[in-house]
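Taking it in order: structure first as structure tokens, then the write-up.
Number of protein chains: 2
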Amino acid sequence: METAADHRVPARLRAAPSWLLTQTATHAGRLVQEAFAAAGARRYHYALLAALAEFGAASQAVLGRRCGIDRSDVVAALNELAERGEVVRSPDPTDRRRNVITITPEGQRQLRRIDERLAAVQDTLLAPLAEDERQQLTGLLTRVLEHARRS
Amino acid sequence: METAADHRVPARLRAAPSWLLTQTATHAGRLVQEAFAAAGARRYHYALLAALAEFGAASQAVLGRRCGIDRSDVVAALNELAERGEVVRSPDPTDRRRNVITITPEGQRQLRRIDERLAAVQDTLLAPLAEDERQQLTGLLTRVLEHARRS
DNA sequence: CTCATCTCAGTCAGACTGACATTC
DNA sequence: CGAATGTCAGTCGGACTGAGATGA
Numbered sequence: 000m001e002t003a004a005d006h007r008v009p010a011r012l013r014a015a016p017s018w019l020l021t022q023t024a025t026h027a028g029r030l031v032q033e034a035f036a037a038a039g040a041r042r043y044h045y046a047l048l049a050a051l052a053e054f055g056a057a058s059q060a061v062l063g064r065r066c067g068i069d070r071s072d073v074v075a076a077l078n079e080l081a082e083r084g085e086v087v088r089s090p091d092p093t094d095r096r097r098n099v100i101t102i103t104p105e106g107q108r109q110l111r112r113i114d115e116r117l118a119a120v121q122d123t124l125l126a127p128l129a130e131d132e133r134q135q136l137t138g139l140l141t142r143v144l145e146h147a148r149r150s
Numbered sequence: 000m001e002t003a004a005d006h007r008v009p010a011r012l013r014a015a016p017s018w019l020l021t022q023t024a025t026h027a028g029r030l031v032q033e034a035f036a037a038a039g040a041r042r043y044h045y046a047l048l049a050a051l052a053e054f055g056a057a058s059q060a061v062l063g064r065r066c067g068i069d070r071s072d073v074v075a076a077l078n079e080l081a082e083r084g085e086v087v088r089s090p091d092p093t094d095r096r097r098n099v100i101t102i103t104p105e106g107q108r109q110l111r112r113i114d115e116r117l118a119a120v121q122d123t124l125l126a127p128l129a130e131d132e133r134q135q136l137t138g139l140l141t142r143v144l145e146h147a148r149r150s
């Protein structure tokens, strides 16, 4: 027998911004993952493709910094993208420690496919909020994140 | 050579609430984890102790529902709490499938210890926001989360 | 029989650490 | 020399799945 009282969330958790953040992020992550799965992608793939499409070819280290992904995880994600022909890895002639990563036309297509699915996710996620509230939320999160990056 | 341009975040990511959420949640998670580590605890431990302190003894299934933790993970977390004497597991005489979980005085102390550390974390996390903005953020996240739970 | 509960054995993506060889 | 890069191997907490045994 499952009653409503079984689902009462402790006040300590409800009142803690850190808990609210991780819970909503978990929910958002579920939605995002479902959307990506249909395209055979993961979060890291999308972030890397987005960085390549916007700023052009870059080294793996730079990609990691732009996307907030660890160096070592960039390696694995790019392996997968390269296997699917969405990026190309070539040695940097000007610095032989580096690889130059380039997005391919197939990568561009994949990026656009994911873009559409992702837009739908944001809408599902923010369904209870009005447009100005969505912008408020985005603004507040951005400021918290900015502050975190600078410290 | 690491320039500022290396850290420019793709617009697609910056504009996606789902990305902002997971990034800020990751940062919050780091802060929380550091704070808990000093007390030898993890997030799940705190959530379970909070539920027990606020609503009293309960079965594992109910605890899972209240804290948003999967039944199977509740098992492991309670094992750890029981080993440290912070909770007691005893069979429910009225329903022999269930265990009744009770918080101990040691568990209460641990909960209070973590409470203090956690308050400091929220302050660090929300440092860039004024008081009314913090409440805005909390309110918006709560509504998004409520909507998620109901669907 | 159906359903809930507890438990165990896994998987999975994401975040992170430490090490190493190579190159700047 | 110290520092950056790419790679590999591994850890960790959190979220989740599937199955099994027990009992309401």
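Chains as they are written, first to last, in numbering that gives the first Met the number 0: chain A, 0 to 150; chain B, 0 to 150.
Glycine residues also receive a C-beta, built at the ideal position from the N, C-alpha and C atoms.
Q: Report the neighbours of residue 59(A) on chain B: residues whose CB is nearer than 8 Å to its CB, in chain order.
A: Within the first sequence, the letter at position 60 stands for residue 59(A). Within 8 Å Cβ-Cβ: nothing; residue 59(A) doesn't reach chain B, min ~12 Å.
Q: Using a Cβ-Cβ cut-off of less than 8 Å, give me the residues of the region 113-137 of chain A that come near chain B, in sequence order.
A: 114, 117, 120, 121, 124, 125, 126, 127, 128, 132, 133, 135, 136 and 137
Q: Identify which residue in 37(B), 114(B) and 56(B) has its Cα closest to the Cα of residue 159(B).
A: With chain B covering 0 to 150 only, the question about residue 159(B) has no answer from this structure.
Q.
Please report the distance separating the alpha-carbon of residue 52(A) from that of residue 107(A).
A. Taking the first residue of the first sequence as position 1, residue 52(A) is located at position 53. Taking the first residue of the first sequence as position 1, residue 107(A) is located at position 108. Rounded to the nearest angstrom, the two C-alpha atoms are 7 Å apart.
Q: Between the Cα of residue 60(A) and those of 147(A), 74(A) and 54(A), spot the shortest distance and give me the residue it belongs to.
A: By 1-based counting over the first sequence, the position of residue 60(A) is 61. Distances from the alpha-carbon of residue 60(A) to those of 147(A), 74(A) and 54(A) put 74(A) closest.
Q. Residue 113(B) lies in the alpha helix (DSSP H); which residues open and close that run?
A. Translated into positions along the second sequence, residue 113(B) becomes position 114. Note, residue 113(B): alpha helix (DSSP H), 104-124.
Q: Please state whether DSSP places residue 23(B) in a helix, a strand or coil.
A: On the second sequence, residue 23(B) is found 24 positions in, with the first residue counted as 1. Note: residue 23(B) maps to helix in three-state DSSP.
Q. Got a sec? Which residues, its chain only, sit under 7 Å from residue 103(B) by beta carbon, not counting five neighbours each side?
A. Your numbering for residue 103(B) matches position 104 in the second sequence. These residues qualify, in order along the chain: 84, 85, 86 and 87.
Q.
Taking a contact to mean a Cβ-Cβ separation below 8 Å, would you say residue 46(A) touches residue 120(A) in this structure?
A. In the first sequence, the residue the question calls residue 46(A) occupies position 47. In the first sequence, the residue the question calls residue 120(A) occupies position 121. Not a contact, by the Cβ cut-off of 8 Å.
Q) According to a CB-to-CB cut-off of less than 7 Å, which residues of the region 73-89 of chain A neighbour chain B? A) none
Q) Helix or strand or just coil, what does DSSP make of residue 141(B)? A) Indexing the second sequence from 1 puts residue 141(B) at position 142. In the three-state reduction of the DSSP assignment, residue 141(B) falls in the helix class.
**Q.** Every unbroken alpha helix (DSSP H) within the region 43-108 of chain A, with a cutoff of 4 residues, ordered by chain
**A.** Whole alpha helix (DSSP H) segments, 4+ residues: 59-66 and 70-82.
Q: Starting from residue 10(B), trace the alpha helix (DSSP H) both ways and give me its first and last residue.
A: Position 11 of the second sequence, counting from 1, holds the residue named residue 10(B). Element bounds for residue 10(B): 10-13.
Q: Report yes or no: is there a C-beta of chain A within less than 8 Å of the C-beta of residue 10(B)?
A: For the purposes of this step, residue 10(B) is taken as residue 11 along the second sequence, with counting starting at 1. For residue 10(B), the answer is yes, since a Cβ of chain A falls inside 8 Å of its Cβ.
Q) Between residue 146(A) and residue 65(B), is the Cβ-Cβ spacing less than 8 Å? A) In the first sequence, residue 146(A) corresponds to position 147, counting from 1. In the second sequence, residue 65(B) corresponds to position 66, counting from 1. It is not a contact, given that the beta carbons lie outside the stated cut-off.
(Q) My assumption, with CB atoms under 8 Å, is that residue 12(B) sits in contact with residue 15(A). Please give the rounded CB distance. (A) In the second sequence, residue 12(B) corresponds to position 13, counting from 1. In the first sequence, residue 15(A) corresponds to position 16, counting from 1. Actually they do not touch by this definition, with Cβ atoms about 26 Å apart.
Q | Cut-off 6 Å between Cβ atoms - residues of its own chain near residue 42(B), not counting five sequence neighbours on either side | A | Locating residue 42(B) in the second sequence gives position 43, where the first residue counts as 1. None.
Q. Quick one: any contact between the region 21-38 of chain A and the region 131-147 of chain A, if contact means 3 or more CB pairs under 8 Å?
A. no
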